[in-house]
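S.K.: Counting from 1, position 57 in the sequence shown corresponds to residue 57 in the working numbering; the numbering is continuous, with no gaps.
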Amino acid sequence: MGHSPSLLNTLNLTEEQLTAYLNQHPPGPSDERSNRKFPRFAYRMEDGIVLELLSSSSPDECSRVAPRDLSVGGIGFLHRGALPGGTPVAIELRNKSSHPTRVTGRVVQCFGLTSDTYDIGVAFDQPIDINPFMAVGKRSK
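Next comes the structure, spelled out in structure tokens:
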């Protein structure tokens, strides 16, 4: 599956690097991954998804990010910049009819993969039904 040039340019990665990072286990302690409340499933969108940084002190900022995995309680993705824990965000997920659904949450993890590419975990404010979104993304355990 190829990724759009704009997504690759945003992340400053080659297609091979992006695929390798998306396919490896998420960084962080293995016991932390095993204590998750909800199972995560691979979730890949060729042209990425929209991340909106929500801030009361400055205008909201949007970026396109590469999703890694999705669960009822959160999402993991690659982004070209670190995000502090607790940062409020909104994610646009697309369902099988291509209608975007805005889901809000907060950054709970941020690990550096390269000097400017980060693996970020967001916990949703409310659990979601992932089935409509998994129909358009790649689903696997």
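Beta carbons: idealized from backbone N, C-alpha and C, even for Gly.
Keep in mind the model is a prediction, meaning the values are calculated, not measured.
Just mark His99 as buried or exposed, buried being the case when its beta carbon has 16 or more other beta carbons within 10 Å.
M.R.: Exposed: under 16 other Cβ atoms inside 10 Å.
S.K.: Decide if the segment 79 to 88 is in contact with the segment 40 to 49; the criterion is three or more beta carbon pairs, one per stretch, under 8 Å apart.
M.R.: The segment 79 to 88 vs the segment 40 to 49: no contact.
S.K.: Measure from the alpha carbon of Leu54 to the alpha carbon of each residue in Glu15, Thr104, Asp125 and Met134, then state which is nearest.
M.R.: The shortest Cα separation from Leu54 among Glu15, Thr104, Asp125 and Met134 belongs to Thr104.
S.K.: Tell me, to the nearest whole angstrom, how far the beta carbon of Ala66 is from that of Leu78; I am working on the premise that it is less than 8 Å.
M.R.: Yes, Ala66 and Leu78 are in contact; Cβ-Cβ is about 4 Å, under 8 Å.
S.K.: Measuring CA to CA, which of Glu61, Leu70, Gln24 and Ser115 is closest to Leu11?
M.R.: Among Glu61, Leu70, Gln24 and Ser115, the Cα nearest to that of Leu11 belongs to Ser115.
S.K.: Who are His79's beta bridge partners in DSSP?
M.R.: BP columns for His79 point to Tyr118.
S.K.: Would you mind working out which of Met45, Leu18 and Leu70 sits nearest Val122, comparing C-alpha positions?
M.R.: That would be Leu70, whose Cα lies nearest to the Cα of Val122.
S.K.: Return the chain-ordered list of same chain residues with a C-beta closer than 6 Å to the C-beta of Gly76, the five sequence neighbours on each side being excluded.
M.R.: Contacts found: Pro26, Arg68, Asp69 and Gly121.
S.K.: Have a look at Ala20, Gly73 and Glu15 and flag the residue whose alpha-carbon is nearest the alpha-carbon of Asp129.
M.R.: Here the closest residue by C-alpha is Gly73.
S.K.: Leaving aside the five residues before and after Thr117 along the sequence, list all residues of the same chain whose C-beta is less than 8 Å from its C-beta, in chain order.
M.R.: Once the five neighbours on either side are set aside, the close Cβ partners of Thr117 are Leu11, Asn12, Leu13, Tyr21, Leu78, His79 and Arg80.
S.K.: Using CA atoms only, rank isn't needed, just tell me which of Arg94, Gly48, Thr19 and Gln24 is closest to Asn131.
M.R.: With distances taken between Cα atoms, Asn131 lies closest to Arg94.
S.K.: Taking the continuous alpha helix (DSSP H) assigned at Thr101, which residues delimit it?
M.R.: Careful: Thr101 lies outside any alpha helix (DSSP H), inside the beta strand (DSSP E) at Pro100 to Gly112.
S.K.: Do you know whose CA, among Val108, Leu113, Val107 and Cys62, lies nearest Glu52's CA?
M.R.: Of the listed residues, the one whose Cα sits closest to Glu52 is Cys62.
S.K.: Have a look at Asp125 and Pro88 and give me their C-alpha separation to the nearest angstrom.
M.R.: One C-alpha to the other measures close to 10 Å.
S.K.: Smallest Cα separation from Val50: which of Gly86, Phe111, Glu15 and Arg102?
M.R.: Comparing Cα positions, the closest option is Arg102.
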